[in-house]
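Protein chains in written order, with the working numbering: chain A, 239 to 789; chain B, 260 to 527; chain C, 907 to 1149.
We put the beta carbon where it would ideally sit given N, CA and C, even for glycine.
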């Protein structure tokens, strides 16, 4: 039985015919630093000027970023001043938390821990409580917890991984407090994988000490299970299927004072007034930038960037994105899902349609991704029945090299994932293509998660944590640092919330910030049909879209 | 038994080891359904037992085992009936086996289902050797309950006048006392919903035992043990614990039972 | 913004699926979720991580020529020609969410909150309904035997889709039971890491503060040099040693 259709079975023959020879031959040469740079410049999407442009409106006007993100930021709001009745406040709370992934729930938990009345908090989330990228994370959380490790080394690894483009003050917080959040979660009953009594610590690319903490193959599932339970047990109110579509601001100070939510089921809006708002809205994978599939969850549409930018937030590093080199290219059912780096580090070979290896598999991620894109663009990739392209990741060689049983022992989750679709990766290779994984940059914040204007001055009333923020990972993030980020800065946001709610008065609400922003949109000639946040991607087929009548 | 009567498991395993048996826990086994809730639909009850037997059979082929032994009379009763199903009620067997069709090879036969009582009674001379007359002179009333004797097809002894536990008591050097209510139902699981039934039945049993002059009551059933302890003042111990005590396997006997038996022998 | 099914990519083969009784022509090779989207549906409910981790998209379906109702996740199950599909985005199970301090490391506690688990007849319908290939039945039986650790281990990969509970003749609420067991085991049966405790103590006592202050005032070029040196020797310079 093979889960591959006949045409792919046929294409696999070349891989099989060349396998013995490839095993004997030396691996492809490692590239020099210059060669690395030239392949990345030629093929990596981050270096494609045609994918980027300068932003035309708002406080960061002129900043170069991915055009898709610029389009999103240069969009008309879903509501205009006067269209919603702001005199009628539906939820008058101390704290509004937008988003319920790892960062949002950490913020909520810590706010209560630090003395905020749980009933004064409102978590608004676009899908269900906990639906997020966090729930999908497998590879673990970086934290320098080992006796041979130190937060200082974690700090240096993180800076170097981003070529020193990050904000060192934020990285310090990340590295120094990551062990605290591992301990916090352990205390809540998260079952981190162990070796004997101690934590298991795994190696990750760019980390000079093993410091990835996992919960088997389902790290995010376990952590989110515990956090959701905690939040519910604390009695924090949650509005599911309520998306924030616009922030509210104090008409005099411009500080954020709440949000307009949209009930996705009924289409009604709800007005929330809050002393503090925490943006924990996650990333942008579902924008499918440059046409890439994504590892991200359904709601990853960059809403937080849009909301924060309209009230004046500064942005950083939106000219880079993380593309994981090996996403699934077939079967369609799991397109874009992650094939862990380990598959290559234990011997998996990348092979083109001619049966040739075309890159040393353990080059840095951006280099490997670029090489795969090159093969596909130049016609040496394999076209799938749905028309996507990929190259082979020859997995059977792993067992031939390292002994039978290696794959099932070292890559059990991957083995199961493909077996569900009738593909036994110990016998047949995998089709792979880079996949959109992570938004490196985002909203400008300080160490206590205050959202900053481009000038560095806090906006007031608005905190942000997690993937929506920028500066922590610079232009390239290390594995396991994103989840360290959400828990460390989510925790800080919660603590900061507790300080702020004590001293802030009840604010006034308005949509005044939209006046100047929409004026700029008009001047720029942005069509009024372009509106954001988009909330959810639209995957309807073109045949349907051509004939749709909007009511 | 795993949860609330771990002492029965512990003493049974110690005893079987002392008698030279190799006992391996079935890799996955299922509540036999002998309890309420499951019993309303008879064939549903047998699904779990037949599944347990199917797993046990598969495992027995790897281990070279030939018997399934349990110290719970409910499990014994249900497993034994399920074991006989292919022959005793082939139509019912087909219906039950069909539930397992997608999962594993349904059990067809080839294992013996035994209760611990049967294992001990088959080795009386060895048990006597282990016991060295430690319980000499103690007057023991055997209380059988229902599940080892009814229905007749799975009875471990003559259901009208069972002797098997009395013979074990004799082998331990103790004195069996016989009384009319030895096989009268204690009320069983009605303790959950209709405790009055259990109260009435156990009082009747207790009066019968009191007039027999017994020092102690021994029962092979954890639920009987629970009910008798809860509703009467009798000194009751589980059979496996009494035999383990007599065989000097004290580390496998619960402190509670140790205390009861020691008091009879004038120990402190 | 498409999922890459059309536009740049061509569709070669179509098949027919039936959703809520209506027939739709969709490309071959899609998942149920993508096929329905292609057909014109937009999900708010019933879609989540789209990677088989979140349990938002349980689906029941029937294949042509077969009477059996099968189950899966809409984001993980490929469409088959002639398939009849119904979505189950939400299973309204009543759940108890005790505060951490109220959780008890006792199987009796689980039984008290969810007494229906004692009605398990081992029919195994739950396991046949599990899109993760788990055996909820074995886990329930483990709880009945008092083995919470085993139950937690067997259900670690549970995504709480609730399909098992829909099938259960004993009306057991498996997902909340398993979450409860997982919490209890995480809190009471899992050792605490000593090395982690030690590191947290160090950090909270401010042990690394000075070194970080120093690094933050060091020019990037110098930090880069220090790191390159560190990669070579495996040691940090004395000036950055934590005392």
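Contact with chain A by residue i, beta-carbon distance below 8 Å
i, result
"residue 1034/C", "no"
"residue 1109/C", "yes"
"residue 1041/C", "no"
"residue 925/C", "no"
"residue 954/C", "yes"
"residue 1150/C", "Absent from the model: residue 1150/C. The displayed extent of chain C is 907 to 1149, so no value can be given."
Partner residues on chain C for residue i, Cβ-Cβ distance less than 8 Å
i, result
"residue 428/A", "1092"
"residue 402/A", "1126, 1129, 1130"
"residue 307/B", "1027, 1028, 1029"
"residue 310/B", "1028, 1030"
Amino acids of chain A, ordered along the chain, whose beta-carbon sits closer than 9 Å to that of residue i
i, result
"residue 1135/C", "The contacting residues do not exist; residue 1135/C stays about 11 Å from chain A at best."
"residue 969/C", "Under the 9 Å cutoff, chain A gives no residues; its nearest Cβ is about 15 Å from residue 969/C."
Residue i classed as buried or exposed, judged by whether at least 16 other C-beta atoms fall within 10 angstroms
i, result
"residue 338/A", "buried"
"residue 481/B", "buried"
"residue 1128/C", "exposed"
"residue 538/A", "buried"
"residue 600/A", "exposed"
"residue 332/A", "buried"
"residue 1125/C", "exposed"
"residue 503/A", "exposed"
"residue 545/A", "buried"
"residue 283/B", "exposed"
"residue 1144/C", "exposed"
"residue 190/A", "Any answer about residue 190/A is impossible in this case: the structure gives chain A only from 239 up to 789."
"residue 628/A", "buried"
"residue 698/A", "buried"
"residue 473/B", "buried"
Within-8 Å CB hit, residue i to chain C
i, result
"residue 792/A", "This structure leaves residue 792/A out entirely; chain A is present only between 239 and 789."
"residue 247/B", "Residue coverage of chain B in this structure runs from 260 to 527, which leaves residue 247/B outside it and unanswerable."
"residue 386/B", "no"
"residue 522/B", "no"
"residue 357/B", "no"
"residue 303/B", "yes"
"residue 420/A", "yes"
"residue 407/A", "yes"
"residue 446/A", "yes"
"residue 312/A", "no"
"residue 776/A", "yes"
Under 9 Å from the C-beta of residue i: neighbouring residues of chain C
i, result
"residue 366/B", "Neighbours of residue 366/B on chain C: none; closest Cβ ~14 Å, over 9 Å."
"residue 653/A", "None at all; the shortest Cβ gap to chain C is about 12 Å."
Min CB distance residue i to chain B below 8 Å
i, result
"residue 1071/C", "no"
"residue 1044/C", "yes"
"residue 982/C", "no"
"residue 1047/C", "yes"
Beta-carbon neighbours of residue i, restricted to chain B and to distances below 7 Å
i, result
"residue 1051/C", "261, 262"
"residue 1082/C", "Within chain B, no residue comes near residue 1082/C; the closest Cβ sits about 20 Å away, beyond 7 Å."
Amino acids of chain A, ordered along the chain, whose beta-carbon sits closer than 8 Å to that of residue i
i, result
"residue 1005/C", "471, 472"
"residue 1057/C", "Chain A residues near residue 1057/C: none, gap ~13 Å exceeds 8 Å."
"residue 1100/C", "435, 436"
Beta-carbon neighbours of residue i, restricted to chain A and to distances below 7 Å
i, result
"residue 1088/C", "463"
Contacting residues, own chain, Cβ-Cβ under 7 Å from residue i (five flanking each side not counted)
i, result
"residue 645/A", "633, 636, 637, 653, 663, 664"
"residue 509/B", "517"
Listed by chain order, chain B residues near residue i by CB distance under 8 Å
i, result
"residue 1013/C", "262"
Contact set for residue i: own chain, Cβ-Cβ below 6 Å, skip 5 residues either direction
i, result
"residue 976/C", "967"
"residue 497/B", "267, 484"
"residue 449/B", "456, 457"
What residues in the region 335-363 of chain B have a beta carbon less than 9 Å from any beta carbon of chain C? Those would be 358, 359, 361, 362, in chain order.
Which residues, in chain order, does the region 337-370 of chain A contribute to contact with chain C at a C-beta distance below 7 Å? The region 337-370 of chain A vs chain C, Cβ under 7 Å: 365, 366, 369.
Note down, in chain order, all residues in the region 734-747 of chain A with a beta-carbon under 9 Å from any beta-carbon belonging to chain C. Answer set for the region 734-747 of chain A: empty.
Please list, in chain order, the residues of the region 579-594 of chain A that have any C-beta partner in chain C closer than 7 Å. Answer in chain order: no residues at all.
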